[in-house]
Every structure is written in structure tokens, then in C-alpha cells.
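Colleague:
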Amino acid sequence: MKKIKVLLSALAMVAAMAFVSCGGGAGDPTSAPADSGDIVVFDPATYTGDIGEVVEVGGEKYLKVKPDEYKTWIALPNELNLKGKTIAKCKVFGESNQAKNSTCQLLVDLMENGNKIYEITSKPIPETPELGTGSHFITNEWNTASETDVCNGVQLVVQEVGGSYAAQSDVVVYVGKITVQ
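Residue numbers for the sequence shown follow my numbering, so the first one is 2 and each next one is one higher.
#1: If I'm right that VAL176 touches ALA168 with Cβ under 8 Å, what's the distance once you round it to whole angstroms?
#2: Around the C-beta of TYR63, are 16 or more other C-beta atoms found within 10 angstroms, so that it is buried, or is it exposed?
#3: If you draw a straight line from the C-alpha of GLU57 to the C-alpha of PHE43, how long is it?
#4: Classify LYS124 as helix, strand or coil using the three-state DSSP reduction.
#5: Across which residues does DSSP place GLN156 in a beta bridge pair?
#6: Does the stretch 141-148 touch the stretch 63-77, meaning 3 or more C-beta pairs lie closer than 8 Å?
#7: Is ILE88 near ILE52, with beta carbons less than 7 Å apart?
#8: Look up ASN141 in the DSSP assignment and say whether it is helix, strand or coil.
#9: Just reading off the beta strand (DSSP E) that LYS62 is part of, what are its end residues?
#10: Count the other CB atoms within 10 Å of the CB of GLY25; is the residue buried (16 or more) or exposed (fewer)?
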């Protein structure tokens with residue numbers, strides 16, 4: 002009987018340590034460890050905002066939107082801690098037969114108060130759903146990287162490729178579920 006109590010005590014300690022190391026009991030989704038799996042940043046299937054419209058293409062939900070230069074911002078309902086994640090993924094495409102699909106790029110930026118965490122770039126803009134990926138953003142001469150990796154929004158931008166990289170406001174794009182891992 003004494004051996005069973007010692008064994009149960011040891012198992013309880015192991016379970017408690019595992020629970021704490023996995024962020025259990027914290028009540029805060031941003032406290033989960035970096036290796037806890039994929040995080041869904043944005044899902045059109047659950048989106049209720051007023052930027053564009055949610056449509057179904059090939060059995061998957063997409064946000065159909067016409068980004069307005071650098072002004073198209075999707076605020077997240079909850080901040081997400083992306084620290085330790087290494088790649089962001091999202092299926093995107095442009096409206097068929099748009100002349101600018103071949104001369105523009107679509108940027109899906111995961112942001113923290115104007116600072117980039119990830120940038121998924123599709124260049125040129127595909128006309129059928131294509132998985133785009135982006136690695137952790139590093140500060141450059143035109144953008145600053147987030148220092149906290151706490152994501153509070155997604156910015157959608159269509160830019161002319163080459164030359165001035167001018168932001169566009171007349172290109173229809175479709176954005177699918179955004180995840181990081």
C-alpha cells in the first residue's frame with residue numbers, strides 16, 4: 002500500500018509539472034509555449050468583420066477583399082503570442098483575368114501595432130488558390146520588425162512590382178486561413 006501511495010504521488014507530480022509547462026492554469030492563450038502546435042491567426046470561416054465578404058471557393062472559405070493601399074487592417078479579437086514560431090502560411094489568389102495580377106504582389110502581413118512579425122508575399126498574384134509562406138520578418142529600410150511577436154492584426158496590401166512598389170486600391174484578392182507554426 003505504501004508503494005502505491007509513493008507511485009501515485011510521483012505520478013501526480015509529473016502530471017502537475019506537465020500541466021504547468023504547457024501553460025495550463027494560466028487562463029491566457031498568449032502564455033502557451035512556443036512549441037504547442039499551429040496557431041490560427043485568422044480564419045475567414047469565423048470572420049464577422051466588415052472588410053470584404055466571406056466566400057467559399059473549392060470547399061474552403063476565403064475573405065474576398067479589395068485592399069485600399071496601406072489602409073486595409075483586420076484587427077484580431079485577441080492578441081496572439083507568436084514568439085518561437087518560425088513560419089506563417091496562407092492560401093491566396095486574385096480575381097481571374099485582372100491585368101494587375103501579373104504586375105503586382107499581395108502582402109499578407111501579421112502585425113503588432115504597425116510592426117511586422119511575418120510577411121507572406123505572393124508575387125505575381127496567382128489566379129487559383131496557392132499556399133504562400135513567410136518567415137519571421139527582419140527590420141529593413143522600409144519596415145520595422147516587432148520586438149514582442151504579439152500579433153494584434155493582419156494588414157493586406159497589393160503593390161505594383163518594381164519601380165516605386167506603389168500600393169494599389171483596385172485589385173480584388175482572396176485570403177484564406179492564416180496559420181503560424
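Beta carbons are placed, not taken as given, at the ideal position from N, Cα and C, and that holds for glycine. If you're wondering where the values come from, they're calculated on a predicted model, not measured in any experiment.
Modeller: In this structure, then:
#1: Cβ-Cβ separation between VAL176 and ALA168: approximately 16 Å, too far for a contact (criterion under 8 Å).
#2: buried
#3: 16 Å
#4: coil
#5: TRP74 and ASP110.
#6: Of all C-beta pairs linking the stretch 63-77 to the stretch 141-148, fewer than three are shorter than 8 Å, placing the two stretches out of contact.
#7: Contact: no.
#8: coil
#9: Unbroken beta strand (DSSP E) run through LYS62: 61-66.
#10: Its pLDDT being 34, under 50, GLY25 is placed unreliably in this model, and the value from its coordinates should be taken loosely. When all chains shown are included, GLY25 counts as exposed.
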